[in-house]
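So the sequence shown is numbered by the numbering used here: it starts at 507 and just counts up by one. Just so you know, even glycine gets a beta-carbon here, dropped at the ideal spot from N, CA and C. Notes to accompany the following structure.
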Amino acid sequence: MNLTAFQDALNARGAEVAAFFAALPARDFTHAAPERWSAAQHLDHLIRSHKLLALALSMPRDRFGWGQRTPPGSRSADEVQAAYLAALRGGVKASGRFLPDPQGTPAELVQTYRESVDLLDHHLTAYCTDAELHRATLPHPALGEVTLAEMLHFTLFHDLHHLRGVQNALNPQELETQ
Numbered sequence: 507m508n509l510t511a512f513q514d515a516l517n518a519r520g521a522e523v524a525a526f527f528a529a530l531p532a533r534d535f536t537h538a539a540p541e542r543w544s545a546a547q548h549l550d551h552l553i554r555s556h557k558l559l560a561l562a563l564s565m566p567r568d569r570f571g572w573g574q575r576t577p578p579g580s581r582s583a584d585e586v587q588a589a590y591l592a593a594l595r596g597g598v599k600a601s602g603r604f605l606p607d608p609q610g611t612p613a614e615l616v617q618t619y620r621e622s623v624d625l626l627d628h629h630l631t632a633y634c635t636d637a638e639l640h641r642a643t644l645p646h647p648a649l650g651e652v653t654l655a656e657m658l659h660f661t662l663f664h665d666l667h668h669l670r671g672v673q674n675a676l677n678p679q680e681l682e683t684q
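The following block contains the structure:
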């Protein structure tokens, strides 16, 4: 994938996630089973993840742990997904600045999520190049050092992972048929 393809995929995934959360009844948005996150918390976690990545993209490449992979190369989307799922099975959990603390109404949180997708898209256009996708690296809290392409594969899967998690919590039988 090139940068434009990643941006197109990010915007499509963002629209899918926003539409789902926007359609949730208020009770489903805030309700959570014991020891589980509510839909609002899932969405706030995604917002936090997007905003931190956007910040990293805007920083000079000698800051925020940016590095270079030599020779250039990235894992595939499937490999990044498998590594993330393995990290989760190994006990990795969100912590620190990634822990959700949703503030505002459901509509406000959905709008903030949309804005976080737009911010990522803008920062990808303003600060990134195709040449960096498989060479520039940055730290990921669960995956270690990843290329920009791997981070974008992760972001696409991460949003889907949380979307499917909420869908499954609200209606587990429906997802079994998908």
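Using a Cβ-Cβ cut-off of 7 Å (strictly less than) and excluding sequence neighbours within five positions of residue i, which residues of its own chain qualify?
i	result
L591	none
D627	Q513, L516 and N517
On the DSSP letters alone, give me the boundaries of the beta strand (DSSP E) that residue i sits inside.
i	result
G671	Unbroken run through G671 is the alpha helix (DSSP H), L654 to L676; no beta strand (DSSP E).
L649	Neither: L649 is in no beta strand (DSSP E) and is coded neither H nor E.
What do you get for residue i, buried or exposed, if any count of 16 or more other CB atoms within 10 angstroms of its CB means buried?
i	result
Q686	This structure does not reach residue 686, given that the chain is present from 507 up to 684, and the question cannot be answered.
L561	exposed
L594	exposed
G650	exposed
E638	buried
Thinking C-alpha only, which one of the options is nearest residue i?
i	options	result
D568	H629, H659, P645 and S580	P645
R554	L605, H667, A528 and P612	L605
T643	H556, L559, W572 and W543	W572
A655	L666, C634, H667 and D665	C634
G579	L676, V652 and T661	V652
T661	D584, A529 and P540	D584
P450	A589, H629 and L530	Because residue 450 is not part of the residues shown, which for the chain are 507 to 684, the question remains open.
E614	A528, A521 and N508	A528
Quick one: Cα of residue i to Cα of residue j, how far?
i	j	result
S622	G671	20 Å
T576	R641	7 Å
T510	L625	15 Å
T683	L669	Below a pLDDT of 50, predicted positions are generally treated as unreliable, and T683, at 48, falls in that range; no measurement from the model is reported.
P647	P612	28 Å
L549	Q617	11 Å
K599	L658	20 Å
G597	R542	15 Å
Y619	Q574	30 Å
T631	S582	22 Å
Along the chain, where does the alpha helix (DSSP H) that runs through residue i open and close?
i	result
T536	A532 to T536
P612	P612 to Y633
A539	Element bounds for A539: n/a, residue is neither H nor E.
N517	L509 to A529
Ordered along the chain, which non-local residues of its own chain (more than five positions away) have a Cβ less than 8 Å from that of residue i?
i	result
A532	P612
L558	R603 and F604
L552	V523, Y619, S622, H664, D665 and H668
A539	A675
Closer than 6 Å by C-beta to residue i: which residues in its own chain qualify, once you throw out the five before and the five after it? Chain order, please.
i	result
T536	S544 and A546
H556	S622 and L626
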